[in-house]
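First comes the structure, then the notes that go with it.
In the numbering used here, the protein residues as written are 15 to 357.
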């Protein structure tokens with residue numbers, strides 16, 4: 015039965031709620047699912063693994079997401095924002111190491127005006143025309159997205175978080191709405207960005223029905239990138255006492271996403287590497303094909319604390335790239351110097 019469902023999903027077919035439920039929570043050998051997802055990933059990308067240089071440009075944020083460690087009401091965060099010179103220095107280091115995509119990620123910081131980001135993108139593209147620039151700066155007016163795209167931004171990451179409105183409202187304060195998040199995602203794709211969505215596995219209030227809705231959303235929206243990681247609680251949030259998402263269920267959702275979206279870029283996330291020492295390698299074997307080492311200045315990495323015990327050293331850092339390459343090779347893949355666009 016499992017193989018039949020996998021084959022139908024891989025062929026672009028639709029599944030009933032009961033069939034989705036079985037694949038997500040059923041008692042069957044998950045290694046079969048991971049094996050089939052890896053076959054699909056190899057058909058689209060071979061054994062190539064793309065590296066992205068993650069630059070966490072600011073931990074100031076106007077939002078108050080209930081799960082996030084840098085939420086505005088957390089007074090225990092030591093706040094910082096990188097200057098343009100610091101960001102360009104990170105890019106210079108990353109380029110020399112072989113990175114051909116830079117990911118500028120940050121909270122929704124009022125100091126990052128439309129013009130500031132536009133200049134930043136233009137400067138990076140002028141210095142490194144053979145590189146892609148990915149932005150992950152939250153919800154902005156469509157006009158901002160358009161200006162940044164014209165300045166040279168190639169991709170935009172904006173996790174949808176959950177495809178169920180009532181669940182979204184459990185994770186965010188009233189001023190942040192599900193409809194606005196979906197509107198931003200549609201704007202990004204219409205403008206022409208390679209657009210990334212995604213969700214946390216095991217977030218508070220999430221059950222199998224919510225995960226089914228996430229899969230149906232991904233099939234309908236067809237994002238170019240999908241970020242999937244386990245929920246990990248942060249001590250200074252309302253969800254501090256909630257249990258983290260499980261490794262197996264996260265790998266299951268990675269594999270199902272690969273089967274449903276054969277050409278998508280799917281990272282083996284830092285959160286996976288945080289909850290399990292082999293999390294990154296297991297993610298790759300379940301269908302992921304991207305890793306995102308941290309290029310941020312070492313002095314600020316610990317301050318971009320979205321969840322507790324976030325990994326940002328060793329193979330999760332730019333200076334650990336040699337060890338990362340060895341780890342990826344042991345898993346049966348190879349890190350390549352490439353922008354790594356979605357197929």
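From the three backbone atoms N, C-alpha and C, an ideal C-beta is built for every residue, glycine too.
Owing to the predicted nature of the structure, the values given are computational and were not obtained by experimental measurement.
Quiz item: By DSSP, does residue 211 sit in helix, in strand, or in coil?
Solution: Correct three-state label for residue 211: strand.
Quiz item: For residue 253, which of helix, strand or coil comes out of DSSP?
Solution: coil
Exercise. Using DSSP bridges, identify the partner residues of residue 146.
Key: 115
Exercise. On the DSSP bridge assignment, give the partners of residue 72 in chain order.
Key: 95, 120
Quiz item: For residue 90, does the count of other Cβ atoms within 10 angstroms reach 16, so buried, or fall short, so exposed?
Solution: exposed
Quiz item: Roughly how many angstroms separate the alpha carbons of residue 205 and residue 181, rounded to a whole number?
Solution: 28 Å
Self-check item: In chain order, each beta strand (DSSP E) run of at least 3 residues that lies wholly inside the segment 226-303
Solution: Runs of the beta strand (DSSP E) spanning 3 or more residues and lying entirely within the segment 226-303 occur at 239-244, in chain order.
Quiz prompt | Stretch pair the segment 296-309 + the segment 254-272: three plus CB contacts closer than 8 Å | solution = Yes: at least three Cβ pairs fall under 8 Å.
Exercise. Output the boundary residues of the beta strand (DSSP E) element that contains residue 158.
Key: That residue, residue 158, is in no beta strand (DSSP E); its alpha helix (DSSP H) goes 156-165.
Quiz item: CB-CB under 8 Å to residue 19, same chain, minus the five flanking residues each way: which ones, in chain order?
Solution: 29, 33, 36, 37
Self-check item: Under 8 Å between C-beta atoms of residue 82 and residue 191
Solution: No, they are not a contact pair.
Quiz item: Nearest to residue 267 by CA position, among 256, 255, 282, 134, is which residue?
Solution: 282
Exercise. Following the continuous beta strand (DSSP E) through residue 62, name the residue where it begins and the one where it ends.
Key: 62-65
Practice problem: Mark residue 351 as exposed unless 16 or more other C-beta atoms lie within 10 angstroms of its C-beta, in which case mark it buried. | Solution: Exposed.
Exercise. Check each candidate in 135, 338, 263, 289 and name the one with the smallest Cα separation from residue 71.
Key: 135
Quiz item: Sorted by chain position, which residues of the same chain lie with C-beta nearer than 7 Å to residue 229's C-beta, five sequence neighbours on each side aside?
Solution: 34, 270, 274
Self-check item: C-beta contact flag for residue 61 and residue 346 at 8 Å
Solution: yes
Quiz item: Looking only at C-alpha atoms, which of 318, 284, 145 sits nearest to residue 74?
Solution: 318
Exercise. Sort 189, 211, 132 by Cα distance to residue 176 and report the nearest one.
Key: 211
Quiz prompt | Given residue 173 as reference, the closest of 214, 109, 154 once Cα atoms are compared | solution = Of 214, 109, 154, the residue nearest in Cα terms is 214.
Quiz item: If you draw a straight line from the C-alpha of residue 79 to the C-alpha of residue 167, how long is it?
Solution: 26 Å
Quiz item: Could you check where the alpha helix (DSSP H) with residue 36 kicks off and where it finishes?
Solution: Looking at the DSSP string, the run of the alpha helix (DSSP H) that includes residue 36 is 31-39.
Quiz item: Whose CA, out of 260, 243, 200, lies closest to the CA of residue 231?
Solution: Comparing Cα-Cα distances from residue 231 to each of 260, 243, 200, the minimum goes to 200.
Quiz item: Cα separation between residue 227 and residue 40?
Solution: 17 Å
Quiz item: Under three-state DSSP, which class holds residue 169?
Solution: Here DSSP, grouped into helix, strand and coil, assigns residue 169 to strand.
Quiz item: What is the DSSP secondary structure of residue 178, counted as helix, strand or coil?
Solution: coil
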